[in-house]
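I have placed the structure first, in the form of structure tokens, so that the comments after it can refer back to it.
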Amino acid sequence: MTESALDPTELPSLEYRLDSYERLLRSFGAAGYEFTPFDPAEPPAEGEILLRHDVDLSIDRALAMAERERALGIQSTYCFLLSAPAYDLTRPQNVRVLQRISKLGHEIALHFDTHTYWAADDEPSAESIAAKVTEELAVLGRLVGEEPSTASFHIPPSWVLDRAFEAFTNTYAPPFFSEIDYRSDSSQKWVAAEPFPDSLAETLQLLVHPGLWHADHRPMAEIVGDLRQQAHRQVDGYFDPLG
């Protein structure tokens, strides 16, 4: 049975279970917050939360989270990597998952890896960034059936933070990042600390990584270790028959 909702600032440290995640979402609803999409023409207003998911590890975990949110009447933004070593977004079964998440009412967005193209200390021009991002947005659009316009940056270098681009919506642009509160569940840090120890801001961007949340809590080292082994098996299975 789902635990009762508390005020977000009253939540203790969390195990990374889907039930705990649902409790967190319910706590925001009980506190009067609503969830809103990224829209450069209409920045989030008081009492609104931008809920974003960077899908770094598992597209299946993204679907499980998307279904849980749909059951709560919540829409969020799912950002997918085209270059993820943990999953191949172009595989037919993954395309179906991608389309399913879209049909659940969630926004599909790009998780763009600058490190594929440039070194972290090698800042490209705004035009170069926009060109590569729009190329990948077009590919993602062909997979989902509708070209997205929003992109988040994977392990973002400083030169994409607090920066707006005309060609696409950057989740790290000032209205969504520095001008409001920003919180993330990165590295399962909520296991050892309260998610919101202080009073909540009027507006908030909340980043949650679906690959860290399971039916039962799994330590991050275990999750990553299993994915490493899976990747090794796939590589060996490809190369072994070739000698």
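Quick note: the sequence shown uses numbering that gives the first Met the number 0, first residue 0, plus one each step.
C-beta atoms are modelled at their ideal positions from N, C-alpha and C, and glycine is treated no differently.
**Prompt:** Which value, in whole angstroms, describes the spacing of the CA atoms of Tyr265 and Glu135?
**Reply:** Nothing about residue 265 can be read from this structure; the chain reaches only from 0 to 242.
**Asked** To which residues of the same chain is Ala129 closer than 8 angstroms at the C-beta, ignoring the five residues directly before and after it?
**Response** Phe164, Glu165, Ala166 and Phe167
**Item:** Where Met0 falls, given that 16 or more other Cβ within 10 Å makes a residue buried
**Value:** At Met0, the pLDDT of 34 sits below 50, so the modelled position is not reliable; the number obtained from the coordinates is stated separately. Label assigned to Met0: exposed.
**Asked** Leaving out five residues before and five after Pro156 in sequence, what residues of the same chain have Cβ atoms less than 7 angstroms from its Cβ?
**Response** Thr113 and Ala119
**Request:** State whether the stretch 217 to 236 contacts the stretch 34 to 53, with contact taken as three or more CB pairs (one from each stretch) at a distance under 8 angstroms.
**Result:** no
**Prompt:** Between Ala191 and Leu23, what straight-line distance do the alpha-carbon atoms span, to the nearest angstrom?
**Reply:** 16 angstroms
**Asked** With distances taken from CA atoms, which of Tyr77, Asp55, His110 and Arg162 is nearest Arg99?
**Response** Tyr77
**Host beta strand (DSSP E) of Ala315 (start-end)** = Nothing can be reported for residue 315, as the shown portion of the chain is limited to 0 through 242.
**Request:** Evaluate Ala65 with the Cβ neighbour count: other Cβ atoms within 10 Å of its Cβ, from every protein chain shown; 16 or more gives buried, anything less gives exposed.
**Result:** buried
**Asked** So what's Phe167 in DSSP terms, helix, strand or just coil?
**Response** coil
**Prompt:** Going by DSSP, what residues sit across from Thr76 in a beta bridge?
**Reply:** Arg51 and Glu106
**Message:** Which residue marks the beginning of the beta strand (DSSP E) containing Leu206, and which one marks its end?
**Reply:** Leu203 to Leu206
**Message:** Using only CA atoms, which one of Leu109, Leu142 and Ser124 lies nearest to Ser148?
**Reply:** Leu109
**Asked** For the alpha helix (DSSP H) that contains Asp235, what are its first and last residues?
**Response** Met219 to Phe238
**Prompt:** From Tyr116, Pro123, Ile107 and Glu122, pick the residue whose C-alpha is nearest to that of Ala137; which is it?
**Reply:** Ile107
**Item:** Host alpha helix (DSSP H) of Tyr86 (start-end)
**Value:** Per DSSP, Tyr86 belongs to no alpha helix (DSSP H) and is neither H nor E.
**Request:** Can you tell me which of Gly31, Val234, Leu205 and Leu17 puts its alpha carbon nearest to the alpha carbon of Ser185?
**Result:** Leu205
**Prompt:** Taking Cβ positions only, does Asp53 come closer than 7 angstroms to chain B?
**Reply:** Considering every chain present, this structure includes no chain B. It has just one protein chain.
**Prompt:** Roughly how many angstroms lie between the CA atoms of Thr115 and Glu193, to the nearest whole one?
**Reply:** 34 angstroms
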